[in-house]
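One structure is given below, encoded as structure tokens.
Protein chains in written order, with the working numbering: chain A, 25 to 319; chain B, 25 to 319; chain C, 25 to 319; chain D, 25 to 319.
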């Protein structure tokens, strides 16, 4: 399949690599050119401008946020202008429900196809083709994208016919993870002041209630104080903000999301926005007067 | 081993049965006598008064709450008076950290031993000997209790030398579960108003982020609206109250626990305290103006 | 002074009337024409298009929200295009800090002046010239606007040289009021379940702690269940949303604002967004299981 | 009137002094004897033991907390044992609703009278006879106490026939004040990061929305960073804890109180429990990354 690929950050680069490996033809664009070199060496074409990457059956975007996607889609020389009629835009970025709805309308008006396909998984999962792809859009368009999804993830889960459903799932999924981190952080702060070491606390919890990788991983990150960024607190804040925007638009009170929003803002305000989002546990410790780090 | 056993509710009865099955000698007491009949038929002695059940190496209590434990331990004819010196009280009830500390002191003063051994697992897990036992106390006392633990659970996890550590772990464990339910409830309310059916939402989440039984179970309970009580909201409230008491005493701000406290109180105030604690999701739906139940 | 006036809602109409009464020349525009009739009868000119109202020393806008102000300022034929160079835009609407900053920049670029002058006070206060005007902008521009402010309010308070400071003050002022309503609502729900009638509760509080009109008024509204809209819950939600946007941008965790946001959303979701914002107390009562209204 | 007076802290000493000044006969007891010296010099009798202070028509207690009141009432040689039948206990301490209910029952069983009469006002208000007395109890007993109340306060407000109603009013009153401080603290943190000095912010608010002493005072305290204790954060925590206990017992979700509880705990955990409770604003500033104090 001929695939345009826009956005070669950590996630995008790993996904693009796997598409190449699976035998797809790739024409890749990235704002800073140097990131395309490695892919070019593996046989990808390099686009000078976004529009060049649009001359394909499918155009994948994997960008940082709403603003970046808006610029690349609605901007001059963007996807809306440059994609052929009938081509499909696969948006893998973690963007807002509102933008996804706007993209649905705009692509339809331009007689183009649009699929939202955000993913669960960090860069290492992307590299190992272990991503979960949450896809939503018209059934026939999804079918058309399936070979692409198969090349990059372990499983595709269909959220519905409305693309924004996939974005809602992705965003709330991140909220659910953040909530686990927050509650673990609070519990561990309490345990510490009650004389239980974080490692012992997490060791017991991960053998009993929280036996999956996610919890064990986050727990270990907290207990070991490995706060170098996997997924930055600042990005966690971004996603919770988008959850709250959707909650506001759909009129759903979400006190857990509101709490997470305040905590992430506090983290950023205190200069820790670049730490991994498990730093929510650092904040919980600090709020409890535990000044010697996490453990 | 000769074991006194006090408290034959759903959990206690299943545990006592397994102790008998494992060949231990049991003398059992329950406030309402009829519950002892089945155990008696299987060979247990029946105590007429708590004190009679205290004439043993180990006395297990599995009672509803602090008040019940206080009455049976500190009351006239209670464990403190009746247990022989050197005997061990194994408290399996979900009680407060403060009461556990008080029991530690009181038993020590009475030259008795005390172990806190609350469990993770519902009655069906108790029946199947699949409980996780969170034990804390002096190492030699714990060693003495191990055969008992082996007869009733799949695994014993040692929280520390201070008995109340086990209670803190148990209580915060329940808080962590309640937090998962609450955040799932909010997310599902949002998903519903965004056009995603709860079953599909949970189906996707349980195949991706939340692959363990706990989440799948709670998610299914929510999605299927099976709110007949497994673990009642009112008991969830009790445990969160005890978490907050510990948090207050140890000076740890726990906004997640505070939120859960308010939600459980709202549930009880609205007449739903007897529903399963997954009814937190019912409250989230109601708060979002979804009046037709959960799904 | 020659004043263009755009936006003749309840507040705008009362303010425009007082400007006329004070002898200023008015050219007024409103989207729906009929509202201009009364002012015309009193001597105001009627503008057919916004641009006509811009041909003046000062152009006042008093509009519903950011969207309305954006349309009238940045739109075709809008203030930016139509105001003479050196003229002053006095924005009295309750708008976001971000939009106020954008207006500051845009008017400066167009060699126009810009003052933010939101007000405290409801329509009856506007009619009675009892508004408090919170003004911010360059000192000489403020001085130029003073006769206008004198004609419509009891007092002008200068928030600073940066126009958005006035908006921040106005928005947080509304948050402070909403917070008083929320906490009163919770306290009254508790008092009722404790056997104290809301009227007695408010009677005592308003004679002791809360002796100012604001509290007495809101308390009376709550106690009397007069929830016909003075200031709608939906507008309260709008303002809290703008506070949280500012808090997000400036990185200030505001748990009280987050709580208010969730409560207002719950009110709206439950169909009560058109009630007066004291309906926060109705929500508190409902959450406490008090189903027979407020009292 | 012959009045026994127990508890000569800052508040108690000022009240006792005014009773003496009004011509009442006083027999005073305080745990640490030295505090009685000044009153003795003015004509009060000094009791060696609480029981001696009970030989009077009315016995006033003004003590620190539930524990102190329980000890002095239910303890050996306490009020229940020592007060003559028909005598009245006037409890002015800020105690829990539950303890007030227990006192009601116990005094009735002992054929004694009981009135709850907590006050609004700090020591300077007590000295100036400016207290507000929130009284509750049987009408004839209240009437009997009126001369006492007249001697010490500016006004008596009757909360109801059930003594605990007065405690509920007092406790929620303190919660309402704390909520004002918290929301002001958040708003001022936002204003500061938005470039508005706290003094200017409070200056404007106190001339517009918050024109009463309470707000002006707290606002000034915050703006001036005068955090030496008038009313300590630790005592604020105590009162919020009692509000939440009542809310739990009566099943009223009180998210504002829960938030305040978490904030006060954070203050105490961070070593600031001895500051004035306006230090909630210090916490808000700190959470927003403002490290240079409040202003």
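From the three backbone atoms N, C-alpha and C, an ideal C-beta is built for every residue, glycine too.
Query	Result
Output needed in chain order: residues of the segment 115-126 of chain A with a Cβ under 9 Å from some Cβ in chain B.	121
Where are the beta strand (DSSP E) runs, 3 residues long or more, that stay fully inside the segment 98-159 of chain B, in chain order?	112-115 and 137-140
Just checking: is the beta-carbon of residue 196 (chain B) within a distance shorter than 8 Å of some beta-carbon in chain A?	yes
Around the C-beta of residue 222 (chain B), are 16 or more other C-beta atoms found within 10 angstroms, so that it is buried, or is it exposed?	buried
Can you say whether residue 66 (chain D) is buried or exposed, counting buried as having 16 or more other CB atoms within 10 angstroms of its CB?	exposed
If you draw a straight line from the C-alpha of residue 62 (chain A) to the C-alpha of residue 70 (chain A), how long is it?	10 Å
List the residues of chain B whose Cβ lies closer than 7 Å to the Cβ of residue 180 (chain A), in chain order.	Within 7 Å Cβ-Cβ: nothing; residue 180 (chain A) doesn't reach chain B, min ~10 Å.
For a contact defined as C-beta to C-beta under 7 Å, what are the partners of residue 290 (chain A) on chain D?	311
Can you tell me which of C:298, C:286 and C:199 puts its alpha carbon nearest to the alpha carbon of residue 215 (chain D)?	C:199
In chain order, what residues of the same chain lie with their CB nearer than 6 Å to the CB of residue 158 (chain B), ignoring the 5 residues before and after it?	142, 181, 183, 190, 193 and 194
Run through chain C and tell me which residues come within less than 7 Å of residue 84 (chain A), C-beta to C-beta.	Neighbours of residue 84 (chain A) on chain C: none; closest Cβ ~30 Å, over 7 Å.
Return the chain-ordered list of same chain residues with a C-beta closer than 8 Å to the C-beta of residue 264 (chain B), the five sequence neighbours on each side being excluded.	198, 199, 202, 281, 284, 285 and 288
Leaving out five residues before and five after residue 147 (chain B) in sequence, what residues of the same chain have Cβ atoms less than 8 Å from its Cβ?	34, 35 and 38
Starting from residue 206 (chain A), trace the alpha helix (DSSP H) in both directions and tell me its first and last residue.	188-217
Given 8 Å as the limit, is there contact between the segment 204-211 of chain C and the segment 265-279 of chain C, that is, 3 or more CB pairs closer than that?	no
Specify the secondary structure class of residue 81 (chain D) as computed by DSSP and reduced to three states.	coil
Under 8 Å between the Cβ atoms of residue 341 (chain D) and residue 144 (chain C)?	Given that chain D is displayed from residue 25 to residue 319, the structure contains no residue 341 (chain D) and the question cannot be resolved.
Taking the alpha carbon of residue 297 (chain D) as the point to measure from, which residue in B:68, B:315 and B:275 has its own alpha carbon closest?	B:275
Report all residues from its chain with a CB closer than 8 Å to the CB of residue 94 (chain A); omit the five preceding and five following residues, and keep chain order.	123
So if I threshold CB-CB distances at 7 Å, which residues from the segment 210-221 of chain B count as touching chain A?	210, 211, 213, 214, 215, 217, 218, 219 and 220
Could you tell me the distance, in whole angstroms, from the CA atom of residue 323 (chain D) to the CA atom of residue 83 (chain D)?	Within the shown structure, residues of chain D are numbered from 25 to 319, placing residue 323 (chain D) beyond reach of any answer.
When Cβ atoms are compared, which residues of the segment 291-306 of chain B fall closer than 7 Å to chain C?	293, 294 and 295
If we count the other Cβ atoms within 10 Å of its Cβ and call it buried at 16 or more, is residue 135 (chain A) buried or exposed?	exposed
First and last residue of the alpha helix (DSSP H) that includes residue 177 (chain C)?	Element bounds for residue 177 (chain C): not the alpha helix (DSSP H) but the beta strand (DSSP E), 177-184.
Rounding to the nearest angstrom, what Cα-Cα distance links residue 313 (chain D) and residue 294 (chain A) in this structure?	4 Å
I need the boundaries of the beta strand (DSSP E) containing residue 29 (chain C), first residue and last residue.	26-30
Going by CA-CA distance only, name the one from D:99, D:118 and D:26 that's closest to residue 259 (chain D).	D:118
Can you tell me where the beta strand (DSSP E) holding residue 293 (chain B) begins and where it ends?	Run containing residue 293 (chain B): none in the beta strand (DSSP E); it sits in the alpha helix (DSSP H), 279-293.
Would you say residue 158 (chain D) reaches chain C, if we count a Cβ-Cβ gap shorter than 8 Å as a contact?	yes
What are the residues in the segment 272-287 of chain B lying within 8 Å of chain D by C-beta distance?	272, 275, 276, 277, 278, 279, 282, 283, 285, 286 and 287
Buried or exposed for residue 91 (chain B), going by 16 or more other Cβ atoms inside 10 Å?	exposed
How big is the Cα-Cα spacing for residue 25 (chain B) and residue 226 (chain A)?	33 Å
Is any beta-carbon of chain C found at less than 8 Å from that of residue 265 (chain A)?	yes
So residue 203 (chain B) contacts chain A; which residues on that side make the cut at Cβ distance below 7 Å?	203 and 207
In or out: residue 120 (chain A) buried (at least 16 other Cβ within 10 Å) or exposed?	buried
To the nearest angstrom, report how far apart residue 80 (chain C) and residue 196 (chain C) are at their CA atoms.	32 Å
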